[in-house]
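Shown next, in structure tokens, is the structure this report addresses.
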Amino acid sequence: MSTYLASLGTTALLYCLLALGLNLQWGHAGLLNFGHIAFFGIGAYAFALGGQFGMPLIAALLLGSFAAATISLVLGFASLRLRTDYLAVVTLAFAEAFRIILSNVPWFGGPNGITGVPRLFGEFDAQTFSWLWLALLSFTTLAIAGPMLVLVRSPFGRVLRAIRDDEVAVAGLGRSVFRFETLTLVIGSAIAGLAGGLYASWVGYIVPSQFVPMQTFYVWIGIILGGSSIGGALLGTFAITALLEGTRFLKDVGVIVLAADQVASVRLLVVGAMLILLVRFKPAGLRPFDELRSARNWLRNQPGATVANGATSDRPRASVKAVQ
Amino acid sequence: MEQALVSGLIGGLLIALVALGLTLVFAVNRFINASHGSLITFGAYFCLAFLGMGFEMWAAVVAAILCSALLSIAVRKIIFEPLDGTGAVSCLVASVGAMILLEAVVGLVWGYEIRSFGLPVRQNFQIAGGVVLPVYDIFAGIAAILGMLGVWSLLGSTSLGRSMRAVADNPMLAELSGVSRHRALLATWGISGALVGLGGVSLGLHGPITPLVGWNMLLAAFAAAIVGGLGNVWGTIAGGILLGVAMELATLLIDATYKPVGALVVILIVLLIRPQGLFARAERI
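Read top to bottom, the protein sequences are chains A and B.
Its first residue numbered 110, the first sequence is counted upward by one per residue in our numbering.
Its first residue numbered 6, the second sequence is counted upward by one per residue in our numbering.
This is how it looks when you write it as structure tokens:
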């Protein structure tokens with residue numbers, strides 16, 4: 110059971126890594142990237158191929174990240190000048206093209222993918238393996254979230270949010286919107302590539318059907334749920350992934366009476382419904398931290414409060430505009 | 006070569022039919038509807054269901070088209086009407102949710118096995134030059150042409166068509182002139198649903214039916230609409246036919262499994278060089 114929980118946590122953290130990149134692209138720069146999973150896949154395949162050629166694991170991981178970043182550069186050049194909804198279509202098209210090519214080119218193993226991917230910690234027993242991986246992923250997520258937090262609060266982050274809110278104004282002030290957007294795409298894709306390499310190493314094999322657009326939409330729900338803050342995105346993605354992945358095994362526990370692929374359909378139903386409801390009612394996300402802040406302010410501003418006892422006049426500021 | 010041209014023409018007509026629905030919704034409602042593909046799937050499955058209930062083929066087709074239109078209107082009312090005014094991106098994301106939801110419903114109700122209409126196998130037509138044309142493909146092609154002609158006459162000659170065009174051109178001015186935006190939108194979604202239902206039925210005539218048929222067609226429809234210019238009716242039709250022919254011709258050079266990739270490459274190239282589409286007025290996208 111603890112092995113299962115550790116695996117669940119590892120999966121959720123992998124999605125969290127994806128969320129970090131996607132959150133930077135959408136929550137901060139306003140880029141609608143529906144093809145994010147493709148870079149996860151590129152990282153996984155690059156790692157697997159690197160491993161097959163005998164590269165040391167760390168080098169193969171970096172290769173995965175680098176490959177993803179480079180290809181995202183190409184995609185960015187072709188598409189970032191388009192407006193938001195066209196960008197979404199192009200990135201989606203790109204991800205699908207990538208998956209189809211992967212499924213068919215024999216060099217990448219075709220529909221059966223690549224097996225025998227070298228696994229870090231592979232020499233340990235199942236339980237230790239799962240806990241080691243959970244530790245590794247936790248460390249990696251924090252190690253990336255930290256600098257990301259700094260980046261987001263830096264002038265770079267401010268420019269990104271300005272681009273999200275008003276591209277024309279940013280261009281008028283002399284900043285190259287295209288360059289900032291490209292950099293954001295590359296950073297997000299590099300992280301996704303790293304996550305892909307880690308995933309390949311953890312699971313030991315990769316198949317093209319693991320890299321479908323639906324995965325990107327899972328992460329999307331996580332980000333929308335959590336709002337555009339980094340902590341929110343991580344929390345939201347962790348929660349949604351744990352929910353979705355955790356319910357895979359409800360049938361085994363005898364709770365549900367549906368057949369296995371019907372459970373998969375129900376899960377998809379929930380995902381679709383959540384997206385619709387979130388866009389309709391909570392486009393800026395559930396924003397757990399904002400709720401805490403407003404609760405705190407409410408407490409401080411009760412009758413009888415004076416500035417001396419801590420009354421504040423500021424209301425929680427929206428850190429992201431409602432989805433435009 | 007001639008075979009590829011003819012097959013491509015039929016395929017292109019189907020793509021054009023489906024893309025027409027997409028482009029109508031974009032023109033009048035101003036967003037890209039990702040759930041369009043799942044309505045195609047429903048079209049095919051509705052027809053399957055009616056056939057299963059014992060309807061004659063022609064009756065099943067008509068019923069399927071009607072149900073698709075109704076479903077499309079329901080989707081508009083329940084999901085997208087509350088989102089009026091929130092912008093193209095919100096609607097796009099919501100439409101992705103709608104796509105996932107609708108496809109899940111298809112999977113739940115009808116399962117994931119491959120189905121077919123179970124129609125009797127008919128002789129293929131032989132045309133000059135050794136070109137083979139399956140009978141059902143001819144039906145599909147004729148249906149597509151009729152559908153497009155129907156839309157053309159509707160848009161051009163009826164007051165409903167005029168109100169749709171007015172709302173597409175300038176919603177506020179249309180409303181000031183007394184055109185009911187609400188009615189125009191309902192009509193647009195209904196017509197789009199009907200077109201797509203017909204497209205789904207044609208797909209079913211063309212090949213096997215799985216819950217993914219709509220998704221596979223969706224990307225080609227996107228490509229066609231983008232090539233022709235989103236919102237541009239004739240451009241989209243031309244784009245669809247061009248795309249169908251191009252994709253078939255491409256199979257002469259590369260493996261047939263890469264056909265969808267062709268559509269995607271077309272999207273990328275067109276958006277890179279002329280994002281407003283080949284047939285649209287030059288404008289910034």
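Ideal Cβ placement from N, Cα and C applies to all residues, glycine included.
Nothing here was measured: the structure is a model prediction, and the numbers come from that model.
The contact set of Asp274(A) on chain B, defined by CB atoms closer than 8 Å, is empty, because the minimum CB distance reaches about 13 Å. Ranking Val98(B), Phe55(B), Pro176(B) by CA distance to the CA of Leu386(A) puts Val98(B) first. Secondary structure note for Leu29(B): its alpha helix (DSSP H) is the uninterrupted segment 7-34. Beta-bridge pairing by DSSP links Leu138(B) to Phe130(B). The straight-line gap separating the alpha-carbon atoms of Val198(A) and Ala204(A) is approximately 10 Å. A straight line joining the alpha-carbon of Ile296(A) with that of Phe265(A) spans about 13 Å.
Here Thr250(A) has Leu122, Cys125, Leu126 as same chain residues with Cβ atoms under 7 Å from its own Cβ, once five neighbours each way along the sequence are excluded. Here DSSP, grouped into helix, strand and coil, assigns Arg120(B) to strand.
Here Ile315(A) carries a strand assignment [DSSP, helix/strand/coil]. Ile223(A) has Ile315(A) as its beta-bridge partners, per DSSP. For His41(B), the uninterrupted alpha helix (DSSP H) run begins and ends at 41-57, by DSSP. Check the Cα spacing between Thr119(A) and each of Phe175(A), Gly305(A), Asn142(A), Arg262(A): the tightest is with Gly305(A). Contact between the segment 262-282 of chain B and the segment 58-72 of chain B is absent: fewer than three C-beta pairs spanning the two stretches fall below 8 Å.
The beta carbon of Ser168(B) sits closer than 6 Å to those of Val184, Ala189, all from its chain and outside the five residues before and after it, given in chain order. The Cβ atoms of Ala177(A) and Phe148(A) sit closer than 9 Å to each other. Of all residues in the segment 230-253 of chain A, none places a beta-carbon less than 9 Å from a beta-carbon of chain B.
Interface annotation, Met62(B): not in contact with chain A, CB-CB separation never under 9 Å. For Glu232(A), no alpha helix (DSSP H) segment is defined, and its DSSP state is neither H nor E. Around Thr28(B), no beta-carbon contact reaches into chain A at under 7 Å, the shortest distance being about 13 Å.
The distance from the Cβ of Ala21(B) to that of Gly245(B) is about 3 Å, consistent with a contact at the 8 Å cut-off. Note that the C-beta distance between Ala226(B) and Ala24(B) is below 9 Å. Closer than 9 Å at the C-beta level to chain B, one finds no residue of the segment 115-137 of chain A. Under the Cβ criterion of 9 Å, Tyr195(A) is counted among the residues facing chain B. Each of Leu211(A), Pro322(A), Leu140(A) was checked against the Cα of Gly219(A), and the nearest Cα belongs to Leu211(A). With respect to the 9 Å criterion, Phe320(A) and Ile146(A) are classified as neighbours on the basis of their beta carbons. Under DSSP, Ile214(B) shares a beta bridge with Arg120(B).
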